[in-house]
Each structure stands twice: as C-alpha cells, then as structure tokens.
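Engineer: Residue numbers (the numbering used here): 84 to 327.
Backbone N, C-alpha and C fix where the C-beta goes; we use that ideal spot for every residue, glycine too.
#1: Any chance you could list the alpha helix (DSSP H) runs of at least 4 consecutive residues sitting entirely within the stretch 174-259, in chain order?
#2: Nearest to residue 228 by alpha carbon, out of 257, 297, 247, 217?
#3: Check this for me: beta carbons of residue 213 and residue 249, under 8 Å apart or not?
#4: Tell whether a beta-carbon distance below 8 Å holds between residue 293 and residue 269.
#5: Return the bridge partner residues of residue 141 from the DSSP annotation.
#6: For the beta strand (DSSP E) containing residue 264, name the first residue and the last one.
#7: Is it right to say residue 100 is buried, meaning 16 or more other beta carbons lie within 10 angstroms of its own, or is it exposed?
#8: Closer than 8 Å by C-beta to residue 252: which residues in its own chain qualify, once you throw out the five before and the five after it? Chain order, please.
#9: Could you tell me if residue 166 is buried or exposed, where buried requires 16 or more neighbouring beta carbons within 10 angstroms of its beta carbon?
#10: In the DSSP output, which residue or residues are listed as bridge partners for residue 127?
#11: Anyone know if the C-beta pair for residue 193 and residue 159 falls short of 8 Å?
#12: How many Å lie between residue 132 and residue 300 at the Cα?
#13: Could you give the distance in angstroms between the alpha-carbon of residue 327 and the alpha-carbon of residue 195?
#14: Taking 8 Å as the cut-off, decide whether the C-beta atoms of residue 262 and residue 246 are in contact.
#15: Nearest CA to the CA of residue 241: which residue from 284, 288, 190, 89?
#16: Going by beta-carbon coordinates alone, are residue 187 and residue 234 separated by less than 8 Å?
#17: Closest to residue 286 by C-alpha separation, out of 277, 273, 295, would be which residue?
#18: Which same chain residues, not among the five before or five after residue 104, have their C-beta less than 6 Å away from its C-beta?
#19: What are the start and end residues of the alpha helix (DSSP H) that includes residue 289?
#20: How long is the line joining the alpha carbons of residue 290 and residue 271, rounded to whole angstroms?
#21: I'd like the list of long-range same chain contacts for residue 348, defined as Cβ closer than 6 Å, with 5 residues on each side in sequence excluded.
#22: Is the beta carbon of residue 298 closer than 8 Å to that of residue 179?
#23: Taking a contact to mean a Cβ-Cβ separation below 8 Å, would you say residue 87 touches residue 170 in this structure?
#24: Within the same chain, show all residues whose beta-carbon is closer than 7 Å to that of residue 93, passing over the 5 residues directly before and after it, in chain order.
Below is the structure:
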C-alpha cells in the first residue's frame with residue numbers, strides 16, 4: 084500500500100512540512116515558488132532525513148503524484164506517493180535495509196522544464212540554458228542544507244549531468260560526497276513492452292548494485308561522520324552560504 088492514497092496521511096505530511104529537520108529545505112521551496120510563481124515545485128516529505136540525511140536521492144523532475152491537483156497527489160516528494168516510481172523506490176530501500184530517514188530526495192529539475200521540447204527525438208532530455216542555470220543553483224542551495232551528506236544516488240542520465248554541473252560550478256559542495264550512478268525506479272525502465280530481457284536484466288542489476296553501494300556507505304564506520312572535521316566543514320558552508 085502507498086500511504087499517500089489516504090487523504091489524512093497526505094494532510095498530516097503537509098502539516099508537518101516545517102518540522103525542524105526539513106524546515107530549511109521546505110523554506111527553500113517556498114522561496115523558489117515565490118521566485119518562479121509559474122512553476123509547480125513540490126515540498127519534501129518530513130519522513131525524509133532532511134538536514135540529517137547522509138544520502139541524496141537525485142532524480143529527474145517531479146512525478147505527477149507530487150502535484151496536489153492530481154488525484155491522490157500529495158504536494159510532496161515522498162516514497163509513499165501513489166505511483167510506480169515511488170513504490171519501487173520504497174521496495175529498493177527495504178531490500179537493502181536503508182531507512183528513509185537516512186536519505187533526502189530532490190530532483191535535478193525541481194519543476195517541470197519550461198522548454199517546449201523537453202525530450203529530443205532520441206528520447207534524451209533537452210532543457211533550455213535558463214532551466215539548466217536555475218536548476219543547478221537550486222541543487223546547490225539544497226546541498227548547502229545537507230551538512231551530513233556522504234553519498235548521492237544519481238538516478239538516470241539527467242541526474243548524473245546535474246551532479247556534474249554542480250561539481251564543476253561548486254566543487255566545495257561535492258567534496259567528500261560519493262557519487263553512485265543508478266537508474267530511475269520508474270516501471271518504464273523495466274517494461275517488457277519496450278525493453279528487451281537483456282536491457283531489463285542490465286537496468287535491474289545496476290539498480291540493485293547502486294542501492295547496495297549506498298547501503299555500504301551508510302554502514303561503513305569510516306563513512307559515518309555524524310561528527311568530525313568533514314561534517315564541521317560542510318556545516319560551515321551551510322551556515323555561511325545557505326539561506327533560510
């Protein structure tokens with residue numbers, strides 16, 4: 084069951100959107116909404132780790148069930164959203180023993196792209212320079228708010244490109260963060276109607292490996308820096324560079 088099918092559950096998430104661990108992230112969302120009133124930008128669910136998260140789950144752009152105007156839409160990034168991607172994400176977390184409190188989800192493009200041609204003829208994403216600049220700045224602001232970040236799951240080529248742009252622009256933010264290439268958890272990635280068995284086996288295997296790698300980062304004592312010089316360094320970036 085995906086809990087966002089329940090209206091009381093969705094309402095409870097919304098009421099808790101400014102809980103301390105996610106307050107700075109959702110205030111960032113408020114600011115982005117004010118700066119871009121024509122764009123829908125979902126909040127992040129308080130079930131995530133927020134500023135305590137050690138793994139960033141970076142996906143592409145908001146799914147339809149993040150939008151409250153859609154049936155059962157939560158208004159949030161949440162693994163309990165009523166869609167196949169969220170359901171499969173929850174399955175992978177359970178399979179590898181990763182607590183949702185250890186991760187924070189975000190999108191390479193926190194809003195739907197403004198360009199009229201979002202996808203090229205070859206199926207790859209095509210974004211305007213303005214979209215790229217705005218999204219990279221938003222990602223930088225998000226990472227400022229994750230002082231304990233240790234790894235990033237890069238779910239698909241768009242997410243990988245977004246992290247590469249951030250690394251080129253703000254290497255001080257990506258320092259010490261392990262990039263883990265992965266794929267989107269959308270059922271379309273493993274749909275036998277459009278994918279061969281070899282493709283399905285490949286994508287499934289690489290998804291499994293990425294979540295296993297993230298779990299290993301979380302469980303390796305040498306990677307757990309709830310305190311110490313690296314978290315102090317990243318916290319100093321957060322305090323100096325971030326905004327409320």
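Structural biologist: In short, the structure shows the following:
#1: 212-227, 240-252, 254-257
#2: 257
#3: no
#4: no
#5: 189, 237
#6: 261-265
#7: buried
#8: 219, 223
#9: buried
#10: 160
#11: no
#12: 16 Å
#13: The predicted position of residue 327 is uncertain, since its pLDDT is 47 and thus under 50; a value taken from the coordinates is nonetheless stated next. Roughly 24 Å separates the two Cα atoms.
#14: yes
#15: 190
#16: no
#17: 273
#18: 133, 134, 135
#19: 280-302
#20: 14 Å
#21: This structure cannot speak to residue 348, because the chain is shown only from 84 to 327.
#22: yes
#23: no
#24: 87, 157
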